[in-house]
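In our numbering, the protein residues as written are 4 to 384.
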């Protein structure tokens with residue numbers, strides 16, 4: 004597909020959900036049987052100026068949905084840690100997919116513990132040429148491939164996620180996927196904003212990339228159920244549930260700035276007909292970074308997937324510096340929402356704005372981090 008876009012005229016490419024002639028599925032979705040095969044699938048999108056790209060999808064039943072936001076050139080790296088929803092029954096699965104950007108790229112998968120892929124493999128390597136892809140799947144262990152280390156000798160792009168839930172007690176499941184970034188871009192300090200689901204659904208997943216990494220939450224040491232401090236080794240992880248949020252915010256950091264964390268957040272909206280856990284999504288979370296300045300201009304059609312309007316319109320959350328100026332579609336955010344302080348740090352505040360639709364432009368004169376959740380009946384992205 005080719006064409007032109009502008010800030011006021013978005014472009015949309017509809018991807019068929021029907022198999023392509025001679026292939027088992029289309030260019031973005033694949034069958035489980037294609038796991039651990041070298042494939043020529045995926046998208047390469049280029050433009051002569053900066054663009055925002057998201058890939059969005061909804062199931063044929065309209066009961067599940069998902070979205071992936073491209074990280075652009077920032078996505079390319081050589082060391083990654085995978086995170087995903089949990090597997091609670093045989094229909095759930097977690098996956099890791101990679102794409103090479105150069106010929107003769109060696110990609111290594113270092114899986115946690117005794118975890119195996121559906122193909123029966125533990126740790127293994129694969130050689131890929133430019134734009135070839137490869138993915139692995141697990142659907143047996145509760146925490147699946149979470150914490151897996153993916154390394155390469157040349158830059159690759161990585162997607163991580165799955166079909167499952169962050170709460171087994173509520174019933175229901177949804178898609179949760181995102182494109183992630185490498186270890187050189189993740190950090191040691193994060194803020195999370197609680198969504199509009201129950202405490203069991205609202206989940207922060209923290210994965211350590213170095214040994215002896217301590218975790219602080221809201222300015223205090225995080226303890227385990229025995230009362231001992233949580234100290235993670237490389238590839239180990241911890242789930243932090245919604246009851247740990249204070250004033251709708253959760254601040255996570257390490258004592259050592261060199262101890263890097265990969266962070267994921269599961270969120271959604273409370274849905275009780277019939278399963279509360281039906282409305283879930285998961286996204287990769289960026290660290291706090293003083294270089295993260297500038298506008299998000301814009302998120303296109305924030306409440307739409309193709310011709311499907313998510314009429315429970317988007318709830319958008321913002322993290323920014325205290326006293327920063329923020330405008331949503333030209334409107335001062337303080338007229339739309341009330342700033343909330345963040346326990347554990349005095350530098351940042353958060354906002355949550357509901358019922359946004361169409362194109363959403365966010366302007367700020369300081370650091371700005373933006374996330375959104377939208378729902379349609381049982382489906383959430």
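By construction, the Cβ of each residue, glycine as well, lies at the ideal position given by its N, Cα and C atoms. In this text, all values refer to a predicted model and were calculated from it rather than measured experimentally.
Of the candidates 194, 254 and 249, 254 places its Cα closest to the Cα of residue 222.
With fewer than 16 other beta carbons inside 10 angstroms of its own, residue 226 counts as exposed.
CA-CA distance, residue 357 to residue 319, rounds to 6 Å.
Per DSSP, reduced to three states, the secondary structure at residue 337 is helical. Relative to residue 367, the option among 215, 360 and 331 whose CA is nearest is 331.
DSSP, read as helix, strand or coil, puts residue 266 in strand.
Beta-carbon to beta-carbon, residue 284 and residue 185 are separated by about 23 Å, too far to satisfy the 8 Å threshold. Here residue 173 is buried. Its C-beta has 16 or more other C-beta atoms within 10 Å.
Looking at 41, 50 and 104, the one whose alpha-carbon comes closest to that of residue 4 is 50.
Taking the CA atoms as reference points, residue 199 sits about 7 Å from residue 270. Cα atoms of residue 215 and residue 191: separation of roughly 13 Å, rounded to the nearest angstrom. A distance of 8 Å or more separates the beta carbons of residue 242 and residue 273. Boundaries of the beta strand (DSSP E) harbouring residue 57: 57-61, taken from the DSSP string.
In the three-state reduction of the DSSP assignment, residue 212 falls in the coil class. Around the CB of residue 32, fewer than 16 other CB atoms lie within 10 Å, so the residue is classed as exposed.
Between residue 378 and residue 287 a beta carbon distance of about 20 Å is seen, past the 8 Å cut, so the two are scored as non-contacting. Where residue 225 is concerned, there is no enclosing beta strand (DSSP E), because DSSP gives it neither an H nor an E. Residue 298 and residue 13 have their C-alpha atoms some 17 Å from each other. By the Cβ-count criterion, residue 245 is buried, with 16 or more other Cβ atoms from all chains shown falling within 10 Å of its own Cβ. Taking 3 residues as the shortest admissible run, the region 162-220 contains the following complete beta strand (DSSP E) segments, listed from N- to C-terminal end: 177-182, 192-196 and 206-211.
Per DSSP, residue 157 has no beta bridge partner at all. Bridge pairing for residue 53: absent [DSSP].
Sorting 83, 80, 309 and 257 by C-alpha distance to the C-alpha of residue 17 places 309 at the top. At a Cβ-Cβ threshold of 8 Å, residue 121 and residue 140 count as neighbours. In the DSSP assignment, residue 87 falls outside any beta strand (DSSP E) and carries neither an H nor an E. Among the bridge pairs identified by DSSP, residue 371 is matched with 323. Residue pairing from DSSP places residue 109 in a beta bridge opposite 130. Secondary structure at residue 344: strand, using DSSP grouped into helix, strand and coil. DSSP places residue 294 outside both helix and strand once states are collapsed to three, so it counts as coil.
Between residue 383 and residue 177, the gap from beta carbon to beta carbon is short of 8 Å. Taking a C-beta distance under 8 Å as the contact criterion, residue 44 and residue 136 qualify as a contact pair.
For residue 136, the enclosing beta strand (DSSP E) covers residues 136-141. Residue 7 counts as exposed, since fewer than 16 other C-beta atoms from the protein chains shown sit within 10 angstroms of its C-beta. Taking a cut-off of 8 Å for Cβ pairs, the region 145-159 and the region 82-90 touch, as three or more such pairs fall below it. Pairwise C-beta distances place the region 160-167 in contact with the region 92-110, as three or more of them are shorter than 8 Å. Assigned with DSSP and collapsed to three states, residue 238 falls in coil, not helix or strand.
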